[in-house]
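Working notes, structure below.
6 protein chains.
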Amino acid sequence: MPGKLAAFHEFRSRMNEKLLSKGNLQLKRFFNLDSQVYTDGALPGRTKELMGLVASAVLRCDDCITYHMIQCAEAGVSDEEFFETFNVILIVGGSITIPHIRRAVETLEELRAGQSERSEAVPTVTKRKGKQPKQGKGR
Amino acid sequence: MPGKLAAFHEFRSRMNEKLLSKGNLQLKRFFNLDSQVYTDGALPGRTKELMGLVASAVLRCDDCITYHMIQCAEAGVSDEEFFETFNVILIVGGSITIPHIRRAVETLEELRAGQSERSEAVPTVTKRKGKQPKQGKGR
Amino acid sequence: MPGKLAAFHEFRSRMNEKLLSKGNLQLKRFFNLDSQVYTDGALPGRTKELMGLVASAVLRCDDCITYHMIQCAEAGVSDEEFFETFNVILIVGGSITIPHIRRAVETLEELRAGQSERSEAVPTVTKRKGKQPKQGKGR
Amino acid sequence: MPGKLAAFHEFRSRMNEKLLSKGNLQLKRFFNLDSQVYTDGALPGRTKELMGLVASAVLRCDDCITYHMIQCAEAGVSDEEFFETFNVILIVGGSITIPHIRRAVETLEELRAGQSERSEAVPTVTKRKGKQPKQGKGR
Amino acid sequence: MPGKLAAFHEFRSRMNEKLLSKGNLQLKRFFNLDSQVYTDGALPGRTKELMGLVASAVLRCDDCITYHMIQCAEAGVSDEEFFETFNVILIVGGSITIPHIRRAVETLEELRAGQSERSEAVPTVTKRKGKQPKQGKGR
Amino acid sequence: MPGKLAAFHEFRSRMNEKLLSKGNLQLKRFFNLDSQVYTDGALPGRTKELMGLVASAVLRCDDCITYHMIQCAEAGVSDEEFFETFNVILIVGGSITIPHIRRAVETLEELRAGQSERSEAVPTVTKRKGKQPKQGKGR
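Residue numbers (the numbering used here), protein chains in the order written: chain A, 4 to 142; chain B, 4 to 142; chain C, 4 to 142; chain D, 4 to 142; chain E, 4 to 142; chain F, 4 to 142.
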């Protein structure tokens, strides 16, 4: 997996562990709730991850954008769907979101490179196992 | 149709008209682009309207929330789907979004009241004609 | 109790009730967590309410400002303390917060009027009973 | 002068007076500094008022927008200039600013109505005296 | 040209190219519109670039700040004008903008170093040719 | 003192010096006012620094968060108090603040490492002298 995403995963996991070991009960509850929100319900989890991406982008948080793009890619969101999502972000949030969209396009490239690497490395039947480890709690 | 929504429609239509008659070419282009973004594509228009609702709510603009809720209700979004959307808004945007969600719940009631009124007033077959007039350009 | 605050209480209670009766489990959990955060702990609840006021003001949500000012006034925050809090809000958040501070000063007047009314109406010993009903969940 | 602007002036003046009479030294210093920033310097005050309008609009504060539009109109900003300013606001800030721009267009109408009223009422030579009273400190 | 600006240009050009080659029609339209807004009109392009800088700074996007500072420097904005613009940013946006202003001052130094380098390297008459290549679409 | 904090101090000092030497009178006044706000008054300076931390975090500025955490640690804020402050930030500001809280936890570790280093290096009585040099003006 390429560099930027690997660094994101490493820092996120290391600090979440610290947060949850040092954090109080309320912090843990927030993290639990955060992971429950994106599960399948009346709306599919996939749609909610796309919503999470839109929210992250108009609020302009690169790490949150990266996190939800990973989840979306896992859920099979296509390039065309990502770019139409970028349209919604751009039109609602304005040109101030452009630098974040540029970085999101870079992230998309890394994600696709990682996905094609894995799909080449594993036989088709067991491909699901090649799936990235579940992100765990706490975006 | 109850009061808050009617007032929203009236002011929005009247001012959009002024905006577009007095506004320059670039303003018109922005409004055109704004209405193109939410049409069906790789993602259904319905999903994009839900994204528009999420973006409006985390950026905390009541009029934009009302606008996208009208579009979502027209597209058949159910109460359960609205409430799961509120969950995403709440968890990403925090408690600062609660007053907006309270007002969104009030808007939802008005929308449902308007919808049931219309469905009672018109025979089932022609129900589609009972549909609210298309919102036009410019959210 | 003067008009603006009464209207705030009425709408807030009525809509929170609807939110919590129609809302799903996750929405309820968020509201529960929201009320737990401001209880006494390593930091006194009073300090956390002041923090809530600062956060609400720099994020510029009038209803959230009103809510935390009610809680702060209940917790005995003085006028001088409110105004020093406004200083922090102004310097961090800039002049864009001024209209919110103007409205906060109006809210403060209503709160003090309500407090002096109650303190006159009830004998000193039972004054605590004169206390405003607990706000309940969900700011 | 039409209603919305008159109400804005009345509330703003009344609360600023309270703010500055009850407020501490630091609050007064902030208000003083706020009024110094928009005076002529390397950049004309007029340009800075337009900047204030842009900042207020992308941060989406209606009262601040109204305040800077009054100052801009006083400084002779034309309708064409206002609408090009709205273009910058729209493109940087996105469609989330549209409801604020709608209200700004309404404010512009009231401002123009007030200006033509005054220019009719007073002889041309003394027209400057017809000028709206200086806004004073504290936006 | 010093390092930070060069890196900004390189990444921006590379990713904009990808964005526009992979992006859909609506994304391209937004980028086109974005570049049209800052041309001369009722207001000079220079004033609009300064507005773009103010909007970028109060919304706190470093890349957007850098982009508009490059355009402003190209348009002949002086140090005194930049610093008065920073005053407007600071007073409207508050101390939360200070870290962005610190980085903007660093950018200004790099811009001036680049400008004096070019003005030394080329004969006065052809100085305009020494001008930085036009930024192209998409901030 | 570990790397991230040292780099923060170095850049901040160097650029503030430039800002204040090149900046105009109004910029200096803003910086002066900024440092006055956090002194002891009706509210202790410590509480105001905590408020500054909350404001910085919900507005999501890493440098401002770092600055106020340094001041808070100097004022003796405990880990438990920091984590309860993070709770307020999380609940008001939502999950969009999580990446900032992760970085804040990293900053806290560096601060504690620096504090224990200094407390080991200096005899208890003179410990106060081991105190970090006063931050000076301009966050």
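Backbone N, C-alpha and C define an ideal beta-carbon position, used for all residues, glycine too.
This one's a predicted model, so the numbers in the text were calculated from it and none came from an experiment.
With a Cβ-Cβ cutoff of 8 Å, do residue i and residue j count as a contact?
{"i": "L93 (chain C)", "j": "F33 (chain D)", "result": "yes"}
{"i": "V108 (chain C)", "j": "A58 (chain F)", "result": "no"}
{"i": "L56 (chain C)", "j": "I68 (chain C)", "result": "yes"}
{"i": "D82 (chain D)", "j": "K51 (chain B)", "result": "no"}
{"i": "V40 (chain C)", "j": "G96 (chain C)", "result": "no"}
{"i": "E113 (chain D)", "j": "K7 (chain D)", "result": "yes"}
{"i": "R115 (chain D)", "j": "V80 (chain D)", "result": "no"}
{"i": "T88 (chain A)", "j": "L53 (chain A)", "result": "yes"}
{"i": "R63 (chain A)", "j": "C75 (chain E)", "result": "no"}
{"i": "S98 (chain C)", "j": "D43 (chain D)", "result": "no"}
{"i": "E2 (chain A)", "j": "L46 (chain B)", "result": "Missing from the structure shown is residue 2 (chain A); chain A here goes from 4 to 142 and no further."}
For residue i, which residues in chain A fall below 9 Å Cβ to Cβ?
{"i": "L36 (chain C)", "result": "Q29, R32, F33 and L36"}
Using a Cβ-Cβ cut-off of 8 Å, state whether residue i counts as contacting chain D.
{"i": "I68 (chain A)", "result": "no"}
{"i": "I104 (chain A)", "result": "no"}
{"i": "R15 (chain B)", "result": "yes"}
In chain F, which residues lie less than 8 Å from residue i when you measure between Cβ atoms?
{"i": "D82 (chain E)", "result": "K25"}
Which chain B residues sit within Cβ distance under 9 Å of residue i?
{"i": "Q118 (chain E)", "result": "Result: empty, since nearest Cβ-Cβ is about 30 Å, beyond 9 Å."}
{"i": "F11 (chain D)", "result": "By Cβ distance, chain B contributes nothing, its closest Cβ being about 17 Å from F11 (chain D), past 9 Å."}
Please tell me whether residue i has its Cβ less than 8 Å away from any Cβ of chain B.
{"i": "V61 (chain E)", "result": "no"}
{"i": "G6 (chain A)", "result": "no"}
So which residues on chain A does residue i lean against when the C-beta distance must stay under 7 Å?
{"i": "M54 (chain E)", "result": "Chain A residues near M54 (chain E): none, gap ~12 Å exceeds 7 Å."}
Can you check whether the C-beta of residue i is within less than 8 Å of a C-beta belonging to chain C?
{"i": "E2 (chain F)", "result": "Look at the range of chain F in this structure, 4 to 142, and you will see that residue 2 (chain F) is not part of it."}
Run down chain B in chain order and give the residues with a C-beta less than 8 Å from the C-beta of residue i.
{"i": "V108 (chain D)", "result": "M18, K21, L22 and K25"}
For residue i, return the contacting residues in chain E, with the cut-off set at a CB-CB distance below 9 Å.
{"i": "V95 (chain C)", "result": "G97, S98 and I99"}
Along chain F, in chain order, which residues have C-beta atoms closer than 7 Å to that of residue i?
{"i": "Q39 (chain D)", "result": "Q29"}
Chain C partners of residue i, CB-CB under 7 Å?
{"i": "L111 (chain F)", "result": "Residues of chain C passing the Cβ test: none, with the nearest at roughly 14 Å."}
Could you check whether the Cβ of residue i sits closer than 8 Å to any Cβ belonging to chain E?
{"i": "E123 (chain A)", "result": "no"}
{"i": "A58 (chain D)", "result": "yes"}
Please list, in chain order, the chain D residues whose beta carbon lies closer than 8 Å to that of residue i.
{"i": "F114 (chain E)", "result": "One point to set straight first is that residue 114 (chain E) is Leu, not Phe, in the sequence displayed. Ordered by position in chain D, no residue passes the 8 Å Cβ test against L114 (chain E), which lies about 17 Å from the chain."}
{"i": "G44 (chain E)", "result": "E83 and E87"}
>> Measuring CB atoms only, is the region 26-42 of chain F touching the region 28-44 of chain C, in the sense that at least three cross pairs come out at less than 8 Å?
In response: With a cut-off of 8 Å, the region 28-44 of chain C and the region 26-42 of chain F do not count as touching, because too few Cβ pairs lie within range.
> How about the region 103-123 of chain B and the region 14-28 of chain C: do they share at least three Cβ pairs that are nearer than 8 Å?
Replying inline: In short, these stretches touch, since the Cβ pair count reaches three.
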